[in-house]
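In order, the protein sequences belong to chains A and B. Going by my numbering, 284 is the number at position 284 of the first sequence; the sequence numbering is gapless. Going by my numbering, 111 is the number at position 111 of the second sequence; the sequence numbering is gapless. Below is one structure, written out as structure tokens, with a few remarks after it.
Number of protein chains: 2
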Amino acid sequence: MQLQDMTKQELEAFLAGEMAKYEQFKGRGLCLNMARGKPSDEQLRLSHDLLTAVGADDVLADTDGTDCRNYGGLDGIPSAKKLFADIFGVSEKEVIVFGNSSLNIMYDTLVKAMLFGTGNGAKPWKDCGKIKWLCPVPGYDRHFLITEKLGFEMINIPCDENGPDMDMVEKLVAEDESIKGIWCVPMYSNPTGITYSDEVVKRMASMKTAADDFRIFWDNAYCIHHLNDTPDKLLNLLEEAKKCGNEDRVYMFTSTSKVTFAGGGIAAMSASEKNIAYVKSLITVQTIGYDKINQLRHVRYFKNYEGLTNHMKKHAEFLRPRFEAVSDALEAELKPLGIGKWVKPNGGYFISFDAPKGCAKEIVKLCKEAGVELTGAGATFPYGVDPDDSNIRIAPSFPPIEELKLAAELFCIAVKIAAAKKLLNA
Amino acid sequence: MQLQDMTKQELEAFLAGEMAKYEQFKGRGLCLNMARGKPSDEQLRLSHDLLTAVGADDVLADTDGTDCRNYGGLDGIPSAKKLFADIFGVSEKEVIVFGNSSLNIMYDTLVKAMLFGTGNGAKPWKDCGKIKWLCPVPGYDRHFLITEKLGFEMINIPCDENGPDMDMVEKLVAEDESIKGIWCVPMYSNPTGITYSDEVVKRMASMKTAADDFRIFWDNAYCIHHLNDTPDKLLNLLEEAKKCGNEDRVYMFTSTSKVTFAGGGIAAMSASEKNIAYVKSLITVQTIGYDKINQLRHVRYFKNYEGLTNHMKKHAEFLRPRFEAVSDALEAELKPLGIGKWVKPNGGYFISFDAPKGCAKEIVKLCKEAGVELTGAGATFPYGVDPDDSNIRIAPSFPPIEELKLAAELFCIAVKIAAAKKLLNA
Numbered sequence: 001m002q003l004q005d006m007t008k009q010e011l012e013a014f015l016a017g018e019m020a021k022y023e024q025f026k027g028r029g030l031c032l033n034m035a036r037g038k039p040s041d042e043q044l045r046l047s048h049d050l051l052t053a054v055g056a057d058d059v060l061a062d063t064d065g066t067d068c069r070n071y072g073g074l075d076g077i078p079s080a081k082k083l084f085a086d087i088f089g090v091s092e093k094e095v096i097v098f099g100n101s102s103l104n105i106m107y108d109t110l111v112k113a114m115l116f117g118t119g120n121g122a123k124p125w126k127d128c129g130k131i132k133w134l135c136p137v138p139g140y141d142r143h144f145l146i147t148e149k150l151g152f153e154m155i156n157i158p159c160d161e162n163g164p165d166m167d168m169v170e171k172l173v174a175e176d177e178s179i180k181g182i183w184c185v186p187m188y189s190n191p192t193g194i195t196y197s198d199e200v201v202k203r204m205a206s207m208k209t210a211a212d213d214f215r216i217f218w219d220n221a222y223c224i225h226h227l228n229d230t231p232d233k234l235l236n237l238l239e240e241a242k243k244c245g246n247e248d249r250v251y252m253f254t255s256t257s258k259v260t261f262a263g264g265g266i267a268a269m270s271a272s273e274k275n276i277a278y279v280k281s282l283i284t285v286q287t288i289g290y291d292k293i294n295q296l297r298h299v300r301y302f303k304n305y306e307g308l309t310n311h312m313k314k315h316a317e318f319l320r321p322r323f324e325a326v327s328d329a330l331e332a333e334l335k336p337l338g339i340g341k342w343v344k345p346n347g348g349y350f351i352s353f354d355a356p357k358g359c360a361k362e363i364v365k366l367c368k369e370a371g372v373e374l375t376g377a378g379a380t381f382p383y384g385v386d387p388d389d390s391n392i393r394i395a396p397s398f399p400p401i402e403e404l405k406l407a408a409e410l411f412c413i414a415v416k417i418a419a420a421k422k423l424l425n426a
Numbered sequence: 001m002q003l004q005d006m007t008k009q010e011l012e013a014f015l016a017g018e019m020a021k022y023e024q025f026k027g028r029g030l031c032l033n034m035a036r037g038k039p040s041d042e043q044l045r046l047s048h049d050l051l052t053a054v055g056a057d058d059v060l061a062d063t064d065g066t067d068c069r070n071y072g073g074l075d076g077i078p079s080a081k082k083l084f085a086d087i088f089g090v091s092e093k094e095v096i097v098f099g100n101s102s103l104n105i106m107y108d109t110l111v112k113a114m115l116f117g118t119g120n121g122a123k124p125w126k127d128c129g130k131i132k133w134l135c136p137v138p139g140y141d142r143h144f145l146i147t148e149k150l151g152f153e154m155i156n157i158p159c160d161e162n163g164p165d166m167d168m169v170e171k172l173v174a175e176d177e178s179i180k181g182i183w184c185v186p187m188y189s190n191p192t193g194i195t196y197s198d199e200v201v202k203r204m205a206s207m208k209t210a211a212d213d214f215r216i217f218w219d220n221a222y223c224i225h226h227l228n229d230t231p232d233k234l235l236n237l238l239e240e241a242k243k244c245g246n247e248d249r250v251y252m253f254t255s256t257s258k259v260t261f262a263g264g265g266i267a268a269m270s271a272s273e274k275n276i277a278y279v280k281s282l283i284t285v286q287t288i289g290y291d292k293i294n295q296l297r298h299v300r301y302f303k304n305y306e307g308l309t310n311h312m313k314k315h316a317e318f319l320r321p322r323f324e325a326v327s328d329a330l331e332a333e334l335k336p337l338g339i340g341k342w343v344k345p346n347g348g349y350f351i352s353f354d355a356p357k358g359c360a361k362e363i364v365k366l367c368k369e370a371g372v373e374l375t376g377a378g379a380t381f382p383y384g385v386d387p388d389d390s391n392i393r394i395a396p397s398f399p400p401i402e403e404l405k406l407a408a409e410l411f412c413i414a415v416k417i418a419a420a421k422k423l424l425n426a
């Protein structure tokens, strides 16, 4: 029987039963974390040999002779550019390899647009008055934090299984010159796990924008993070944009943070050759160069794109059962009751759960009080405000599988309690 | 006989002799570089064991349990903070450990002051109208490039063997609220090699500034880079500033770029606890964290400050003969003729040569045409303009010693030619 079909009496009995289970859980003194998309110990161990992939007796020069121990090589060593070119599906001329964090590249790119403009004589955004920014929701809290800090007005764009609502996006960017860009996690999106459809990508590439310097921040963090043998497919935005002469609106980002070590990886950006030249002209003011030794270490370890994708299959072996533990619990416990919505993703790091409206904060609170930390309710929305108080991001990667099963069980109980209370108070 | 005492005839004969030597050099097809302060191959080899200082079977957690392979640890792992606290002579609470580049930290710090202000409610500099910046000259070209790019008006401050002209500095900062800061390389300065006197440091710490948010960018890049057993001593600016209640005006920077690998090292900032808290509140928007594995690698390799200073003594063994090769040539060839001025430094990476006025460009050009690349004349001044066309930065660290001797010989010939021509045309 679905929860909504229960009588008041049935609901009260249901709630009492779940509350009893909840109190039992509370007595167990759990301390589990499903808050952040952190790789597990087993996953991190997959890359331990990276640590010694470059040793004292190795040649420490790259293919072009660049001495990776010394200054030089501003935009990345050639072999690392090649690796990322293969990941992005672009040419090496369209790639810059940076340091350890793609989030830092995105932040820097926005900061440079603020202070110096996007190139080609465009005005610095600090001199453009109010800047507005499109934020597909639910989305990545750290994206929103950057645009909030920069004082941009963020506009929520609803998403479905195909990606952002492109009717809304097209209308807004065509009309409003102060809208300068959009955040996108186009593949195995954070947190929804969906991948943008071909139509969405093509419309992103071709849409007319009132702002000449409109930019798509295409955070392709999970582009090689497949969970199974039926991966999603994503069109190449840069390629699509070229077909429409709009290639300068595209900045693509990725990193190996969840491939090797979180924080100890390497990150890269891909863009049109014109944009790459402009970015290089700015980063030469900022630094003499990024960590080429760590670039070399990664290239020597993976050898090539094939080596990298083989490595990702090992990650999937650890992640798949964890994702299944959570979706199995949701399927078994919540589906029969008709509570909540979620998608079982083919990749990425998250399961996005839409609770009945007005229940997300209560669920997160209940879980926390019983020892399971979730991403804060609202965190997946700009300013931390989910207008429906509905979305919760579940990050199943980190806990050991047995703990995860417990946490998922508790989560389902918390959802049931919050949903039943809501119906009783309706 | 000094050059200035020669008759026209003597000068002509002298010039002809040097021109003949110069032409011989040109015929040798040299290709040497004394342009940038790059460590030599021998120096880089000193740190090869750093590469495997953290291996697959090691514990990859820091002293407080921070897993260096995963997310977290925004402001640096505790053991790396301790190492840098010892380098700076401050407490760990006054340190943040970043990524691979102290120049990048300085750039970021300025950019944040522009966009968000320096904390404590201070206005963002972008909203403060024209910003002016003090630039002790000759100085580091990459410092000047940052403040030029940000559109600051740079004001040259002459230096002597004690550091910047503090009468001028004090007068300017007391009068002009739009002067927001000063670049300093206080120890073994780039390029002059001098170390700021105690009096200069104390005056920096205590001076009255019209701007409440005035900042001293104290780039202590060479603080452990002694060349001999009679090192210079530098007062601790943060400590001195505390005595005057001015600790918030101090940002100190350093890195291991010329200790381990240029670009593959780690970098840090030291400041008052209040400033550190503010910087942390901003970098948490920018990144999830810096490369903790590389921080751990450095700590495990050096063990402690003593290990680090012992390592620096090995660098000195390679650097000292190179510095001597250049100063010996200058002493032997130029001193008897009374041409030029230079200081033999006790540390750092450069010898700064002041040619007779109007000769620097000509000397650099002559060297280049005979196959020896020097730092461009003017590069040590804001906007690349040396009003006297006199200063040349010599970087002796990189070439093998035999090549360096040749390069120094050519340099002296070029100086003699330029000086003689100048006198003949006077």
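Backbone N, C-alpha and C define an ideal beta-carbon position, used for all residues, glycine too.
Give me the DSSP bridge partner(s) of residue i.
i	result
Y251/A	F217/A
I96/B	M269/B
P158/B	V137/B
L32/B	V372/B
F353/B	W342/B and I392/B
G347/A	H226/A
D67/B	A61/B
W183/B	F217/B
E153/A	K132/A
I need the DSSP call for residue i, collapsed to helix, strand or coil.
i	result
N246/B	coil
A426/A	coil
I416/A	In the sequence under discussion, the amino acid at residue 416/A is Lys, which differs from the Ile named in the question. In the structure shown, K416/A sits in a helix (DSSP, three-state: H, G or I).
D176/B	coil
P78/A	helix
A13/A	helix
S194/B	A small fix is needed here, since residue 194/B is Ile in this sequence, not Ser. DSSP places I194/B in coil when its eight states are reduced to three.
G384/B	helix
Would a C-beta distance cut-off of 8 Å place residue i and residue j closer than the cut-off?
i	j	result
A418/B	A379/B	no
A414/B	I351/B	no
I266/B	A80/B	yes
T260/A	S47/A	yes
V285/B	I146/A	yes
D291/A	G263/B	yes
K8/A	L410/A	no
F214/A	V185/A	no
F152/A	I182/A	no
Excluding five sequence neighbours on each side, which residues of the same chain lie with their C-beta closer than 8 Å to the C-beta of residue i?
i	result
V343/A	E161, T192, G193, I194, I351 and S352
T309/A	I224
F323/A	L227, K344, P345, I351 and P396
H298/B	L50, A53, A80, L83, T256, T260, G265 and I266
L334/A	G340, C412, V415 and K416
Give me, in chain order, the residues of the same chain whose beta-carbon lies closer than 6 Å to that of residue i; leave out the 5 immediate sequence neighbours on both sides.
i	result
N275/A	D248
L235/B	D198 and V201
K258/A	P39
A113/A	W125
F25/A	A370 and L410
S272/A	E247 and D248
Let's test the definition: count the other Cβ atoms within 10 Å of the Cβ of residue i and tell me whether it reaches 16, buried, or not, exposed.
i	result
C31/A	exposed
V326/A	buried
S91/A	exposed
N156/A	buried
R320/A	exposed
P387/B	exposed
Near residue i, which residues of its chain fall below 7 Å by C-beta distance, leaving aside the five closest residues on each side in sequence?
i	result
D64/B	P78
Do we get a CB-CB distance below 8 Å when we pair residue i with the residues of chain E?
i	result
N104/A	The chain labelled as chain E is not found among the protein chains of the depicted structure, namely A and B.
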